[in-house]
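S.K.: Per the numbering used here, the sequence shown starts with residue 1, numbered consecutively.
By construction, the Cβ of each residue, glycine as well, lies at the ideal position given by its N, Cα and C atoms.
Remember, it's a predicted structure, so these values are computed and weren't measured experimentally.
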Amino acid sequence: MLFAALPLLAQEGGEAAPAAAEDTSLSLWNLIVLSGFIGWVIIFLSIVTLAVIIENYVTLAREKLAPPEIVDEIQSLFEEGQFQEAMELCENEPSFFTKVCAAGIAKIGQPFEVIQTALQEMGDEESIRLNQKIGWISVLAAVSPMLGLFGTVQGMIASFHVIANTANPTPAQLASGIYVALLTTFEGLMVAIPATAAFAYLRNRLVRNIIEVVAIVEDLFERFRSTHNQ
């Protein structure tokens with residue numbers, strides 16, 4: 001995530017960059033090393049955040065919540081009245097769709113209101129569980145800038161320590177702590193901003209997918225409303 005800012009930070013010449021004999025270019029590795037322990041923690045969190053985002057993107061896809069082949073097979077079993085076979089299929093192929101269907105199948109033979117309540121309760125329970133999965137992205141998005149702020153405070157303390165214990169501190173002596181302070185803040189924001197955007201996208205995507213799957217389940221059990229009314 002640091003690559004986006006490297007063109008702005010890396011200066012190897014120009015009016016603002018004084019000439020120096022040693023290598024002062026700000027490569028990605030140099031940025032990580034200079035940010036210290038807090039910077040390493042934030043980098044680790046960025047890897048964890050990316051892994052969680054990818055995992056949620058894959059597992060919360062519409063095809064994972066309700067595999068099309070499973071939906072078609074259960075619909076066929078319902079048409080044939082083979083509800084026991086449908087229950088066994090739901091138990092052997094766990095997903096959001098099959099878990100909700102299984103709750104409804106278990107109530108077949110009872111009033112439609114009982115079936116509908118079972119479907120709603122299981123749907124709500126599974127929705128909460130899935131929302132908790134993407135909730136970790138929000139937690140990581142909140143923790144990263146806080147760690148950056150921790151590094152900022154640490155760097156400022158180091159700079160003021162130099163001021164308190166040095167008669168005439170030079171700008172170079174003060175710059176080290178300030179540099180770490182700004183760098184950790186920068187790293188924290190570079191994790192938090194895309195993580196927040198990913199959380200919003202995945203949450204909206206999950207809500208849309210759940211609505212679609214619930215509509216399929218309701219249509220599947222609608223036949224029992226007609227039977228009950230008769």
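1) Work out the CA separation of residue 155 and residue 36 for me, nearest whole Å.
2) Report yes if the C-beta distance between residue 202 and residue 134 is below 7 Å; otherwise report no.
3) Count the CB pairs spanning the stretch 154-172 and the stretch 214-225 that are closer than 8 Å, and state whether there are at least three.
4) Taking residue 245 as the reference, give the member of 178, 117, 189, 184 with the closest Cα.
5) Hey, quick one: how far does the alpha helix (DSSP H) through residue 170 stretch, first residue to last?
6) Using DSSP with H/G/I as helix, E/B as strand and the rest coil, what is residue 82?
7) How about residue 184 and residue 47: do their beta carbons lie closer than 7 Å?
8) Looking at the strands, I want to know which residues DSSP matches up with residue 108.
9) Using the Cβ count rule (16 or more neighbours within 10 Å means buried), how would you classify residue 100?
10) Under the three-state reduction of DSSP, which class applies to residue 215: helix, strand or coil?
11) Nearest CA to the CA of residue 42: which residue from 144, 223, 207?
M.R.: Here's the rundown:
1) 10 Å
2) yes
3) no
4) What the structure shows of the chain is the stretch from 1 to 230, and residue 245 is not part of that stretch, so it cannot be assessed.
5) Premise fails: residue 170 is in no alpha helix (DSSP H) and is neither H nor E.
6) coil
7) no
8) 110
9) buried
10) helix
11) 144
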